[in-house]
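According to mature numbering (1 follows the signal peptide of the UniProt record, and there is no 0), the residues represented by the sequence shown are -17 to -1, 1 to 282, in order.
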Amino acid sequence: MRVCIVFLLCLAGQVFTASITEEEPIIDDVVEEAQPEVGANPVQVEIGDFDEAIDVVEEEEDIAENPCLNHHCKKGKVCEVDEENTPMCVCQDPTTCPAAIEEFEHVCATDNTTYDSSCHFFAQKCSLEGTKKGHKLHLDYIGPCKFIEACMDAELNEFPLRMRDWLKNVLVSLYERDEENNLLTEKQMLRVKKIYENEKRLQAGEHSLDLLAHDFEKNYNMYIFPVHWQFGQLDQHPVDGFLSHTELAPLRAPLIPMEHCTTRFFEQCDADNDKYIALEEWANCFSIKEQDVNKDLVI
């Protein structure tokens, strides 16, 4: 399961090169080459892949000739100039999107329609802007649409056990590979070092749910920082202590096709049902005690 998650999350960086930009609620509605290592960072694909605008840096002379070179448009829109040479964003024609080469480039939307790529999806969503259908249309997960079985209560309880262990191993892997502090900050390195050097650490591998639950109980402190770290990696647009659908997508969308409890898990995290997940709600979903929730750990 863990290897599959990492593989799909790495693919997310490729699939979402023209990716999610809508700032929508959670409930209404993710790079290395083949054979990625277990523990590849799930959300450090390319942060720019999920920005609302595409940053373009060009020479001033070129910008003067073509104002669109320095004009930012949301995904699903492209820049055009009017009669006065003023740049404006208009919906992209889906036929101008690059054709999908591999099946993993397809995406499934909440209307149960498979789109050739995220580019095609956002172009279509833009064309429905201002309509009820467009407001309800969101990208659901990576890959063609398929039947996803219902998540039972017992299965829902198992989900955070695997996710906590996986996040811990992601950080350990980054620590082992980080020679120049490019993957983790100095403070993060120090925190992960304590986990890495702890002789009681459960090594990466396929473990029974009973063992994962036992390890969390006995080595609880090892899981506090990984849970906070993941929240900080997702909380980027903007950094406000809340996760929107857009921010959650890099983690959520690759998981849904293989972890059928993903959607229900994140719905449950939104305890006050305000369509956003606060840090306290996120920590509670992973059974981090209230007194251990620390905003300083997400930086």
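For each residue, glycine too, the CB sits at the ideal point set by N, CA and C. Quick caveat: nothing in here was measured; it's all calculated off a predicted structure.
Handout entry: Asn152, buried or exposed, once every other Cβ within 10 Å from all chains shown has been counted against 16
Key = buried
Problem - Chain-order list of residues whose beta-carbon lies under 7 Å from that of Pro117 (same chain, five-residue window excluded) - result: The question names Pro, but residue 117 in the sequence shown is Gly. Cβ neighbours of Gly117 beyond the five flanking positions: Lys108 and Leu111.
Problem - Same chain, Cβ closer than 7 Å to Asp65, five either side skipped, listed in chain order - result: Met71
Handout entry: Cβ-Cβ distance between Leu262 and Asp193 below 9 Å
Key = no
Practice task
Look at the alpha carbon of Glu163 and the alpha carbon of Val281, and state the distance between them as a whole number of angstroms.
Solution key: 21 Å
Handout entry: the region 183 to 192 touching the region 226 to 241, judged by at least three CB pairs closer than 8 Å
Key = no
Problem - Buried or exposed by the 16-neighbour rule on C-beta atoms within 10 Å, applied to Glu159 - result: exposed
Exercise for the section: Just the C-alpha distance for Met146 and Lys58, rounded to the nearest angstrom, thanks. Expected result: 30 Å
Practice task
Using 10 angstroms around the beta-carbon of His130, count the other beta-carbons present and answer buried if the total reaches 16, otherwise exposed.
Solution key: Residue 130 is actually Phe in this sequence, not His. Label assigned to Phe130: exposed.
Handout entry: CA-to-CA distance, Phe269 to Gln171, given in whole angstroms
Key = 20 Å
Exercise for the section: Determine the DSSP secondary structure at Glu15, reduced to helix, strand or coil. Expected result: Note that Glu15 scores a pLDDT of 33, beneath 50, so its modelled location is shaky and nothing firm can be said.
Problem - Contained alpha helix (DSSP H) runs [length at least 4] in the region 65 to 126, N- to C-terminal order - result: 101 to 110 and 115 to 119
Handout entry: Assigned exposure category for Pro127 - 16 Cβ within 10 Å defines buried
Key = exposed
Practice task
Could you please give the first and the last residue of the uninterrupted alpha helix (DSSP H) stretch that includes Asp193?
Solution key: Leu192 to Lys201
Problem - Which listed residue (Ala133, Lys272, Asn53 and Leu231) has its alpha carbon closest to that of Asp253 - result: Leu231
Exercise for the section: Pick helix, strand or coil for Ile271, following the three-state DSSP scheme. Expected result: coil
Problem - Same chain, Cβ closer than 6 Å to Val276, five either side skipped, listed in chain order - result: Glu263 and Ala266
Problem - Ile207 - DSSP class collapsed to helix/strand/coil - result: helix
Practice task
Confirm, please, whether the CB-CB distance from Val210 to Arg184 is below 9 Å.
Solution key: no
Exercise for the section: Please confirm whether Val175 and Asp123 have their CB atoms less than 9 Å apart. Expected result: no
Practice task
Whole angstroms is fine: what's the gap from Asp279's alpha carbon to Tyr98's?
Solution key: 40 Å
Handout entry: Where the alpha helix (DSSP H) containing Arg184 begins and where it ends
Key = From DSSP, Arg184 is part of no alpha helix (DSSP H); its letter is neither H nor E.
Exercise for the section: Can you check DSSP and say which residues form a bridge with Lys60? Expected result: Cys74
Practice task
Could you pull out every residue in the same chain whose Cβ sits closer than 6 Å to the Cβ of Gly31, ignoring the five residues on either side in sequence?
Solution key: Residue confidence is low: Gly31 scores 36 on pLDDT, short of 50, so the model does not pin down where it sits. Its coordinate-derived value is still stated next. Closer than 6 Å at Cβ, skipping near neighbours: no residue.
Practice task
Confirm, please, whether the CB-CB distance from Ile178 to Met205 is below 9 Å.
Solution key: yes
Handout entry: Proximity of Cys102 and Pro81 at Cβ, strictly below 9 Å
Key = yes
Exercise for the section: Taking Ile125 as the reference, give the member of Leu144, Phe87 and Asn95 with the closest Cα. Expected result: Phe87
Handout entry: Beta-carbon separation (whole angstroms), Leu150 vs Cys244, contact threshold 8 Å
Key = Their Cβ separation, rounded to whole angstroms, is 16 Å, which puts Leu150 and Cys244 out of contact at 8 Å.
Practice task
Could you say which of Lys272, Lys258 and Thr246 lies nearest to Phe142 if we only look at CA atoms?
Solution key: Thr246
Exercise for the section: State the DSSP-derived secondary structure class of Ile239, mapped to helix, strand or coil. Expected result: coil
Practice task
State the beta-bridge partners of Glu225 as determined by DSSP.
Solution key: Residue 225 is actually Phe in this sequence, not Glu. BP columns for Phe225 point to Ala261.
Handout entry: Same chain, Cβ closer than 7 Å to Asp161, five either side skipped, listed in chain order
Key = Leu167 and Met172
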